[in-house]
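Undergrad: Plus 36 on top of the position in the sequence shown (first one is 1) and you've got our numbering.
Virtual Cβ for every residue (Gly too), placed ideally from N, Cα, C.
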Amino acid sequence: MKFKSEASKEAVLHAFSKENNRNAETLASYLKRYPEYNESIIDLSIELLTAPSFDKLSTESQSDEKSKKAWLTFQSMLSPDDPASAMSQNIANPLSEMNTLQFKELANDLNVTRLFLSRIRDNAVQVSTIPAQFIKLLAQHLKLPIETLQEILTAPPEIAAGQRFKASGKPSAGQKVTFDELLATSGLSESQQVMLKAMKD
């Protein structure tokens with residue numbers, strides 16, 4: 037039996053927003069302690085990742101620009117025939133081009149949380165560990181060939197996706213997680229996890 041927490045939703049969300057490390061472990065802890073506020077906590081987590089606070093906006097924007105410049109420099113070093121160069125230049129990630137409503141509707145259609153789908157979008161998951169059945173299902177919704185979607189998801193992870201922070205507080209892309217790790221840290225219900233695990237080869 038689950039007992040409802042005495043803490044108000046506003047108090048819980050405020051406490052989460054003040055956490056020094058809002059990483060996957062912290063999120064999972066809050067979701068377990070306050071199951072009645074799961075959706076609101078996940079929404080706040082996504083907002084905090086994609087919209088930095090005002091006092092950090094300037095610093096993070098500069099860091100973001102440096103990251104983009106570094107990636108562009110890396111791309112310029114590649115041969116035009118290099119697969120990584122061709123992929124980054126010719127293939128846009130349709131998940132990144134969706135607006136909030138479209139993204140939410142897709143998550144609902146796939147029966148997953150927006151946090152789960154956002155980490156897929158941000159290339160934070162090892163493609164080799166994602167079930168072929170899920171890749172096929174997502175490709176169908178995006179109207180993309182399976183091979184094209186796999187190439188898109190093989191790109192380097194975005195900084196916001198992994199929810200990892202170094203000791204200095206600066207965001208870091210880090211290593212990609214496995215599909216099993218994604219299931220355990222994306223606020224999925226037990227039934228959603230069972231459904232996704234059933235897709236594994």
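Does DSSP classify Val161 as helix, strand or coil?
TA: Reduced to three states, the DSSP call for Val161 is strand.
Undergrad: Taking the beta carbon of Arg157 as the centre, do at least 16 other beta carbons fall within 10 Å, making it buried, or is it exposed?
TA: That one is buried.
Undergrad: Taking Pro193 and Asn159 to be in contact with their CB atoms under 8 Å, please state how far apart those CB atoms are, rounded to whole angstroms.
TA: Correct: roughly 5 Å between the Cβ atoms.
Undergrad: Give the DSSP-derived three-state secondary structure of Val148 in the structure shown.
TA: In the structure shown, Val148 sits in coil (DSSP, three-state: anything other than H, G, I, E or B).
Undergrad: In whole angstroms, give me the CA-to-CA distance for Gln211 and Asn147.
TA: Between Gln211 and Asn147, the C-alpha separation is close to 26 Å.
Undergrad: Between Pro116 and Leu189, what straight-line distance do the alpha-carbon atoms span, to the nearest angstrom?
TA: Here the model assigns Pro116 a pLDDT of 46, short of 50, so the residue's position is not dependable and the matter cannot be decided.
Undergrad: May I ask you to verify whether the region 219-229 touches the region 165-183, counting CB pairs closer than 8 Å and requiring at least 3?
TA: These segments do not touch.
Undergrad: Rounded to whole angstroms, what's the CA-CA distance from Pro119 to Ala128? Just pull it up for me.
TA: Low per-residue confidence applies at Pro119: pLDDT is 48, beneath 50, and the placement is therefore not dependable, though the value from the model is reported in the following sentence. About 15 Å.
Undergrad: Excluding sequence positions up to five away, which residues of its chain have a Cβ less than 8 Å from the Cβ of Pro67?
TA: Before going further, note that residue 67 is Leu rather than Pro in the sequence given. Excluding residues within five positions, the ones whose Cβ falls inside 8 Å are Asn74, Ile77, Ile78, Gly223.
Undergrad: Would a C-beta distance cut-off of 7 Å place Val213 and Val163 closer than the cut-off?
TA: Taking 7 Å as the Cβ cut-off, Val213 and Val163 do not qualify as a contacting pair.
Undergrad: For Leu232, does the count of other Cβ atoms within 10 angstroms reach 16, so buried, or fall short, so exposed?
TA: Answer is buried; the Cβ neighbour count reaches 16.
Undergrad: Val19 bridges to which residues according to DSSP?
TA: The structure shown has nothing for residue 19, since the chain only spans 37 to 237.
Undergrad: Does the distance from the C-beta atom of Ile166 to that of Phe215 stay below 7 Å?
TA: Contact flag set, yes.
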